[in-house]
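Peer 1:
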Amino acid sequence: MTQTTTYHHSRGGHTNQHQGGATITQSPSDSAATVELKTTLHELRQTREEISDEIKSLGPIPRRKKQSSSERQQERGGEEEEEAMMTAPKKRTRENRDSGGSLKEDPERKRSKRMFGNLVLGTLQRSKTDLLKTRDRETQRKDLLREAETKAVTRNEEIYKEFKEKYWEKREALIQKQIDLDVDMKYKQRELYRSMAADCEREIANGKLRTEALPRVFWKPKKETIQTQSMLARQPGKVEEWLKTKMMEVDDGLERIAKRKQT
1 MTQTTTYHHS RGGHTNQHQG GATITQSPSD SAATVELKTT LHELRQTREE
51 ISDEIKSLGP IPRRKKQSSS ERQQERGGEE EEEAMMTAPK KRTRENRDSG
101 GSLKEDPERK RSKRMFGNLV LGTLQRSKTD LLKTRDRETQ RKDLLREAET
151 KAVTRNEEIY KEFKEKYWEK REALIQKQID LDVDMKYKQR ELYRSMAADC
201 EREIANGKLR TEALPRVFWK PKKETIQTQS MLARQPGKVE EWLKTKMMEV
251 DDGLERIAKR KQT
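Residue 211 in full-length UniProt numbering sits at position 211 of the sequence shown; the count goes up by one each step and never skips.
Spelled out as structure tokens, the structure:
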């Protein structure tokens, strides 16, 4: 049975560095460059999450409140009722004639009736004039009210349009910032994978083997055998294949980001 020496650092051969409330997992084989790249990538992810939270905080665009049909009908009904009250003819009382009187009226009575008739006629004329003036004032009042409402609607439209433009301007700026961060993260990932591959090659050059099971750690056999030599010979090819796969993943991610920019 082959005896081995395994390098354990904390749990599973990895050290856990806490930063900003999150954990950065480090391997014993990580070089200073790899640790720095992991830290930078972690900070970029945190910044991206903050931008995502800011985009969510904008919320959806509030919709303009439209006047319901019942409200419009109620307004029209009020105006029609008011118009009907203004135009309704006033009831006039007629003087009851004395059917039992004589055919001939005395001059004094005729004079009184004539004066009363003139008085009533003048009163009716003044009432008609006052009614016309009242109608004119009411028409002017309605015209001013409609003008004010039109101005208010126009102003509300301007305010809504201005708000909508600012909303989309800020949202698009945040999304663009997020996309730029995604690109930076992909390039940092590319650097990180190359650095990790270089770390693996260095450990392999020192005669260490990497475990197949996760978490992967490097270990150095105390005694070389044909089996360990064969395993060691296959290690560089595995690292190369791993790096090739990771580079393809990065390229696919950059391609998706480029398509996102175009939409």
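Note that the Cβ used here is the ideal one computed from N, Cα and C, for glycine as well.
Count the other CB atoms, across all protein chains shown, that sit within 10 Å of the CB of A258; report buried if there are 16 or more and exposed otherwise.
Peer 2: So A258 ends up on the exposed side.
Peer 1: Figure out for me which residue from Q235, T225 and Q176 has the closest Cα to the Cα of A205.
Peer 2: Among Q235, T225 and Q176, the Cα nearest to that of A205 belongs to Q235.
Peer 1: Would A197 pass as a contact of L232 if the rule is Cβ separation under 9 Å?
Peer 2: Not in contact: A197 and L232 (Cβ atoms no closer than 9 Å).
Peer 1: For the ligand SAH, is there any heavy atom lying closer than 8 Å to the beta carbon of T25?
Peer 2: Looking at this structure, you won't find the ligand SAH or any other ligand, since it has none at all.
Peer 1: Could you check the C-alpha separation between D143 and L131 for me, to the nearest Å?
Peer 2: So the alpha carbons of these two residues sit roughly 18 Å apart.
Peer 1: For S127, I'd like the list of residues in its chain whose CB is within less than 6 Å of its CB, leaving aside the five on either flank, ordered along the chain.
Peer 2: Closer than 6 Å at Cβ, skipping near neighbours: no residue.
Peer 1: Is it true that the CB of T34 sits closer than 9 Å to the CB of S195?
Peer 2: A contact, by the Cβ cut-off of 9 Å.
Peer 1: Give the secondary structure of R97 by DSSP, where H, G and I count as helix, E and B as strand, and everything else as coil.
Peer 2: Because R97 carries a pLDDT of 49, less than 50, the predicted location of this residue cannot be relied on, and no value is offered for it.
Peer 1: Quick one: Cα of R45 to Cα of R146, how far?
Peer 2: Distance between the alpha carbons of R45 and R146 is about 55 Å.
Peer 1: Relative to the C-alpha of T47, which residue among S31, K177 and T263 is closest?
Peer 2: Here the closest residue by C-alpha is K177.
Peer 1: Using CA coordinates, which residue listed in K170, L209 and L254 is at the minimum distance from G59?
Peer 2: G59 has its Cα closest to that of K170, out of K170, L209 and L254.
Peer 1: In three-state terms, what does DSSP make of P107?
Peer 2: It is helical.
Peer 1: Please name the residue in W168, N156 and E255 whose C-alpha comes closest to that of I61.
Peer 2: Out of W168, N156 and E255, W168 has the C-alpha closest to the C-alpha of I61.
Peer 1: Starting from the Cα of E203, find the closest Cα among M248, P221, E255 and E191 and give me that residue.
Peer 2: Measuring from the Cα of E203, the nearest candidate turns out to be P221.
Peer 1: Could you give the DSSP three-state label for T225: helix, strand or coil?
Peer 2: In the structure shown, T225 sits in coil (DSSP, three-state: anything other than H, G, I, E or B).
Peer 1: Ends of the alpha helix (DSSP H) at residue 275?
Peer 2: Lying before the first or after the last residue shown, residue 275 is absent from the chain, which here runs from 1 to 263.
Peer 1: Given a cut-off of 9 Å on the beta-carbon distance, is the pair V217 and S29 in contact?
Peer 2: The answer is yes: Cβ separation under 9 Å.
Peer 1: Using the three-state DSSP reduction, which class does R202 fall into: helix, strand or coil?
Peer 2: The answer is helix: DSSP assigns R202 an H, G or I state.
Peer 1: Just confirm the distance between the C-beta atoms of K188 and L41, as a whole number of angstroms; I'd bet it's less than 8 Å.
Peer 2: The pair is a contact, with the Cβ atoms about 5 Å apart (cut-off 8 Å).
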